[in-house]
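> Add 128 to a position in the sequence shown, counting from 1, and you land on the number used in the working numbering. Think of the CB as a built atom: it goes at the ideal place given N, C-alpha and C, for glycine as much as any other residue.
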Amino acid sequence: MLEACESSSHVRTLIQIKADLYRQHKEGIDPCRLLAQLKRLRVLSCTSFKIDILPDSIGELIHLRHLNLSNILVVSLPESLNNLYNLQTLKLAECKKLKKLPSNMQNLVNLRHLDIAGTDLEEMPKKMSKLKDLQFLSHYIAGKHEENRIGELGELANLHGSLSIAKLENVENGGEASSARMDEKIHLNALNLEWSWSSSEESEFCDSQTERDVLDKLRPHKELKELRVWGYRGTMFPDWVGHSSYYKITKLELRRCSNCWMLPSLGQLPALTRLEISDCDMVKLIGGSFYKGGGTDNQETPFRSLKYLSFSHMSCWAEWESYECDKHQETPFPQLEELWIQNCPILRGDLPTFLPSLKSLHIVSCQELRCYLPRAPMLRSLTIDGRQEARMRDQPLSMLETLWVNGNQLVNSLFEAMTHTQPTSLIHLQISECSSAVSFPGDSLPPSLEELSIEDCKNVEFPMQHQQHESLRSLRIHNSCDSLTSFALPAFTNLKYLTIARCENLTSLELSQSQSLQELRVEQCPELENIIRLPASLTKLRISGCALLASLELSQSQSLRELAIENCPKLENIIRLPASLTQLIISRCLLASLELSQSQSLRDLSISGCPKLENIIRLPASLTKLRIGGCALLASLELSQSQSLRELAIEDCPKLENIIRLPASLTKLRIGGCALLASLEQSQSQSQSQSQSLRELAQSLRELAIEDCPKLENIIRLPASLTQFRIYGCPLLASLELSQSQSLRELAIEDCPKLENIIRLPASLSRLYISRSTFAPCLVLHPNGRPFITLLRVAPACFPVSFVGFARNKLKQSWSKLNLESRGTWSRMISRGVVSTSIRKLNS
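And the structure:
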């Protein structure tokens, strides 16, 4: 698409798909270079593009109305951006490295939308108050200087949507805060007030009254819908926070208010549906005042609209007092559906006694909790973990659908409750970290159960069903049930997913009757010797860390598509790989040979760490990816049948001398650690009966990497299709011929100390890396043009300093983008007039 833009200077709108834009840039089309030609652009969207410098030429697009640069890698924007006086929308969201905006942005008087969310800006430009037409400003950073303090917001009366104000620690007093005139911004519906993180020592020295005055003067208008206060350093909140006159607030978040010892009164906010409180480290008690609120004499039911409530990381919170209701008053939280209490390590109680609408309760890492759980007749999901002594008295387990219980006492309490009330709706059950010798009530699972996970419960007895259990679909046993020595699944007729891991005493696994099983994972079972009769329904199988497993029979598994076998050091035989297999991973096994003649659907094959493997027999024609590594005895590789192969990687095969008939379909080739490989040579006279040369790859190979091949001396006539070439650790390589590689974009050379000639750098080259190759090079440019190199990274030891002068002369169009390692060293050497005779070798 960018090529088409070169021929037209009348383009008004350029909205580029980010993936396509990156691909074209990677292939050498520099979109920044094209901007200067598109003088009439009104709309430019260039998101997620991997550039770190925006060209000054963008300031020439004076007709731009909409500019979207979201999620690019720039650190700063050019000052020329201030020339875009017609610009109405500027989007810089998620430019995570952006630290500075142009200094004279007040010139953009027509700007209406500025999005800087997710950036790393340190301060705002001066005189933002002049942008009086601004209707959306995602963030404002309160500065320390007169022209970028919080008062600049005072003139921006038309702001809509949400606004975040950061670095409020720079606001000196309430008078300065009032100059922002927040109560006049009637179109805002969400306000975030943020103080920067400060250590506990810094927070202690804050003037609490000043902090409270600042927050008090930042009070918004009464129709605000969402409020977030982060990092407030006062000890108490001003009265407006929680005042019932804020009748439209639906979401409220208080986070990192580390000096506050008392939460504001929030219970009378009539529309509040979501409340999150976290990291308020000084709060020890939540009592009756939390439920009340100013502004009314008649107290309504506290939190009457609240549906979601979360407390987290409250390190000093010890007590939650019950609310005393009048006889005619409804209990608090009548609409609460979800309650989270997390990382409150000294909370003892009490929890609300009755929550009539509660559907989901999660209590995590509250080790000291010693109370009854709330009565919740509508409860569907319960998560509770730790060493709590919380009891499930009066819990109507019959409604529960999801239950996760962690810890001795809690598991015991659960099993005790299950003896009285059968959880007839339970679908998902996970129990973990229980060392007690307990078993499921009645030695059976709840009849409705579909998913069961038992983790770190070594003494729990697995229930051996006396009758068929048709509901169970997924079973996971991890580091549990030490009494299991053999495992059969005749009762679970519809089981589809089975994971067994770290079952220390399991010796055999019988699965012949599990005719619905689709996925099986067996991991870290050190005593397992036999897996008997894998079912025909199996599609995925992963076995790892089974030290005694010697063979695997797959003759019945004719639906198997994915197989991974790892770290089974005694495994010598895999019997009858099925024809249905599409992916095969074998690692750290004792296989001597691998027969693949029947696996005609195999597309992805990875073999590593098999020190006795000598032969891979009949690689199938369907194969598209092949990775081989750490096979010390593998001497040759026959690829004549693999005419669909696109990616090949071979590493650490020290005896490999021949790679026979590389297929013409290959696009990526990586060779490393092959000590006997001596050359990669293209020969026009080579017959078809001989091994295929790189010449026949010219129409397909795009990426080539060669590493640690100590005998490699020659690489002759690389293919024209190559776009990326990396070569490392080839100490005998003396020259490199690139004359045919007219698509090459990236070249990297490292640890090639004898390399003296790089012949004819192609005009397409845009990235060149050279490191730890101490030579005086001869660089010969291609006669048809010079490279437009956007990144040149060279270690000083590699080139004489005169090379820099050569680079400036030959590559002057892109010199500003060069990235030299230790560039200061180069500059100092140039200033001293150091000149090398090797400059005579350079062909101009």
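Kindly indicate the opening and closing residues of the beta strand (DSSP E) around ALA616.
To locate residue 616, count along the sequence shown from 1; it is residue 488. Element bounds for ALA616: 614 to 616.
> Would you report the Cα separation of GLN641 and GLN558, rounded to the nearest angstrom?
As a working note, residue 641 is residue 513 in the sequence shown. As a working note, residue 558 is residue 430 in the sequence shown. Each residue's alpha carbon lies about 25 Å from the other.
> Could you check if SER817 is buried or exposed, using at least 16 other CB atoms within 10 Å of its CB as the buried criterion?
Counting from one through the sequence shown, the residue named residue 817 turns up at place 689. Its pLDDT being 34, under 50, SER817 is placed unreliably by the model, and nothing is read from it.
> Looking at LEU464 and SER485, is the spacing between their C-beta atoms short of 7 Å?
Your numbering for residue 485 matches position 357 in the sequence shown. Your numbering for residue 464 matches position 336 in the sequence shown. The answer is yes: Cβ separation under 7 Å.
> From PHE439 to LYS379, what does the alpha carbon distance come to, in whole angstroms?
Along the sequence shown, one-based indexing puts residue 439 at 311. Along the sequence shown, one-based indexing puts residue 379 at 251. The straight-line gap from Cα to Cα measures roughly 14 Å.
> What does a CB cutoff of less than 6 Å around LEU242 pick up in its chain, not counting 5 residues either side in sequence?
Stepping through the sequence shown from its first residue, residue 242 is reached at position 114. The answer, listed in chain order, is LEU218 and LEU265.
> Please name the residue in LYS227, TRP358 and SER526 whose C-alpha comes closest to that of VAL203.
The residue you call residue 203 lines up with position 75 of the sequence shown. That would be LYS227, whose Cα lies nearest to the Cα of VAL203.
> With a threshold of 6 Å on Cβ separation, who are the neighbours of ARG746 within its own chain once the five nearest residues in sequence on each side are excluded?
In the sequence shown, residue 746 corresponds to position 618, counting from 1. Cβ neighbours of ARG746 beyond the five flanking positions: LEU724 and SER725.
> With H, G and I counted as helix, E and B as strand and the rest as coil, what does DSSP make of LYS219?
Position 91 of the sequence shown, counted from the start, is the residue given in the question as residue 219. Strand at LYS219.
> Starting from LYS753, follow the beta strand (DSSP E) in both directions and report where the run begins and ends.
The residue you call residue 753 lines up with position 625 of the sequence shown. Segment 753 to 757, the beta strand (DSSP E) holding LYS753.
> Is the region 616 to 629 touching the region 587 to 597 in the sense that three or more CB pairs, one from each, lie closer than 8 Å?
The region 587 to 597 is in contact with the region 616 to 629.
> CB-CB under 6 Å to SER574, same chain, minus the five flanking residues each way: which ones, in chain order?
Here residue 574 corresponds to residue number 446 of the sequence shown, with the count starting at 1. Residue identity check: residue 574 is Pro in the sequence provided, not Ser. Excluding positions up to five away in sequence, the list reads PRO551 and LEU554.
> Once DSSP output is grouped into helix, strand and coil, what is the label at VAL357?
Here residue 357 refers to the residue found at position 229 when the sequence shown is read from its first residue. Strand, per DSSP.
> Return the chain-ordered ranges of every alpha helix (DSSP H) run that is complete within the region 645 to 683 and spans a minimum of 4 residues.
With a minimum length of 4 residues, no continuous alpha helix (DSSP H) run stays inside the region 645 to 683.
> Measure the beta-carbon distance from LEU172 to LEU201 and round it to whole angstroms, keeping in mind my assumption that it falls under 8 Å.
To locate residue 172, count along the sequence shown from 1; it is residue 44. To locate residue 201, count along the sequence shown from 1; it is residue 73. Wrong, their Cβ atoms sit about 17 Å apart, outside the cutoff.
> Does ILE244 come out as helix, strand or coil in the three-state DSSP assignment?
Residue numbering aside, residue 244 sits at position 116 when the sequence shown is read from its first letter. It is coil, neither helix nor strand.
> Could you work out which residue in ASN786, LEU790 and ALA763 is closest to LEU773 when comparing CA atoms only?
As a first step, residue 773 is located in the sequence shown; it is residue number 645 there, counting from the start. Nearest of ASN786, LEU790 and ALA763 to LEU773, Cα basis: LEU790.
> Using C-beta distances below 6 Å, list every residue in its chain close to ASN534, excluding the 5 sequence neighbours before and after it, in chain order.
Taking the sequence shown and counting its residues from 1, the one referred to as residue 534 is at position 406. So the qualifying residues of the chain are ASP513, SER560 and GLU561.
> What would DSSP say about PHE482, mapped onto helix, strand or coil?
Residue mapping note: residue 482 aligns to position 354 of the sequence shown, counting from 1. The answer is strand: DSSP assigns PHE482 an E or B state.
> Roughly how many angstroms separate the alpha carbons of PHE568 and LEU525, rounded to a whole number?
Mapped onto the sequence shown, residue 568 falls at position 440. Mapped onto the sequence shown, residue 525 falls at position 397. Taking the straight line joining both Cα atoms gives about 15 Å.
> Just to check my reading of the structure: LEU840 and LEU861 have Cβ atoms closer than 8 Å, yes? What is that Cβ distance to the nearest angstrom?
Counting from 1 along the sequence shown, the entry for residue 840 is found at position 712. Counting from 1 along the sequence shown, the entry for residue 861 is found at position 733. Contact holds; Cβ gap of about 6 Å.
> Compare the C-alpha of GLU447 against each of PRO430, LEU403 and ASP478 and name the closest.
The residue given as residue 447 occupies position 319 in the sequence shown. Checked all of PRO430, LEU403 and ASP478; the closest Cα to GLU447 is ASP478.
> Measure how close the beta-carbons of CYS494 and LEU475 come, nearest whole angstrom, since I'm counting them as under 8 Å.
Here the question's residue 494 lines up with position 366 in the sequence shown. Here the question's residue 475 lines up with position 347 in the sequence shown. Confirmed, Cβ separation roughly 5 Å.
> With distances taken between CB atoms, is the gap from ASP879 to TYR897 smaller than 7 Å?
Here residue 879 refers to the residue found at position 751 when the sequence shown is read from its first residue. Here residue 897 refers to the residue found at position 769 when the sequence shown is read from its first residue. Not in contact: ASP879 and TYR897 (Cβ atoms no closer than 7 Å).
> According to DSSP, simplified to helix, strand and coil, what is ARG888?
Translated into positions along the sequence shown, residue 888 becomes position 760. The answer is strand: DSSP assigns ARG888 an E or B state.
> Using 10 angstroms around the beta-carbon of LEU776, count the other beta-carbons present and answer buried if the total reaches 16, otherwise exposed.
Stepping through the sequence shown from its first residue, residue 776 is reached at position 648. Classification of LEU776: buried, given that the 10 Å Cβ count is 16 or more.
> Given THR635, which residues of its chain have a CB within under 8 Å of its CB, disregarding the five upstream and five downstream residues?
Counted from its first residue, the sequence shown places residue 635 at position 507. So the qualifying residues of the chain are THR613, SER614, GLU655, LEU656, GLU657 and ASN658.
> Could you check how far apart the C-beta atoms of GLU831 and GLY801 are, in whole angstroms? I think they sit under 8 Å.
On the sequence shown, position 703 is the one that residue 831 refers to. On the sequence shown, position 673 is the one that residue 801 refers to. That belief does not hold up - the Cβ atoms of GLU831 and GLY801 are roughly 18 Å apart, past 8 Å.
> Go ahead and label MET252 buried or exposed: buried means 16 or more other beta carbons lie within 10 angstroms of its beta carbon, across all protein chains shown.
Within the sequence shown, the letter at position 124 stands for residue 252. So MET252 counts as buried.
> Taking the alpha helix (DSSP H) that GLU339 falls in, what are its first and last residues?
In the sequence shown, residue 339 corresponds to position 211, counting from 1. 336 to 345 is the extent of the alpha helix (DSSP H) around GLU339.
> Would you call GLU274 buried or exposed, if buried means 16 or more other Cβ atoms sit within 10 Å of its Cβ?
Translated into the one-based positions of the sequence shown, residue 274 becomes position 146. Counting Cβ neighbours within 10 Å, GLU274 comes out exposed, since fewer than 16 surround it.
> Roughly how many angstroms separate the alpha carbons of ASP341 and PRO206, rounded to a whole number?
Along the sequence shown, one-based indexing puts residue 341 at 213. Along the sequence shown, one-based indexing puts residue 206 at 78. If you take the alpha carbons of ASP341 and PRO206, they lie about 39 Å apart.
> Among LEU346, TYR436, ARG670 and CYS472, whose alpha-carbon lies nearest the alpha-carbon of SER406?
Taking the sequence shown and counting its residues from 1, one reaches residue 406 at position 278. It is CYS472 whose Cα lies nearest to the Cα of SER406.
> One question on the structure: do GLU681 and LYS668 come within less than 7 Å of each other, judged by their Cβ atoms?
Taking the first residue of the sequence shown as position 1, residue 681 is located at position 553. Taking the first residue of the sequence shown as position 1, residue 668 is located at position 540. Taking 7 Å as the Cβ cut-off, GLU681 and LYS668 do not qualify as a contacting pair.
> Using the rule of at least 16 other Cβ atoms within 10 Å of the residue's Cβ for burial, across every protein chain shown, is SER768 buried or exposed?
Residue numbering aside, residue 768 sits at position 640 when the sequence shown is read from its first letter. Exposed is the call here.
> Would you mind giving the Cβ-Cβ distance between THR627 and ARG601, rounded to the nearest angstrom? I have them listed as a contact below 8 Å.
Working through the sequence shown from its first residue, we reach residue 627 at position 499. Working through the sequence shown from its first residue, we reach residue 601 at position 473. Wrong, their Cβ atoms sit about 13 Å apart, outside the cutoff.
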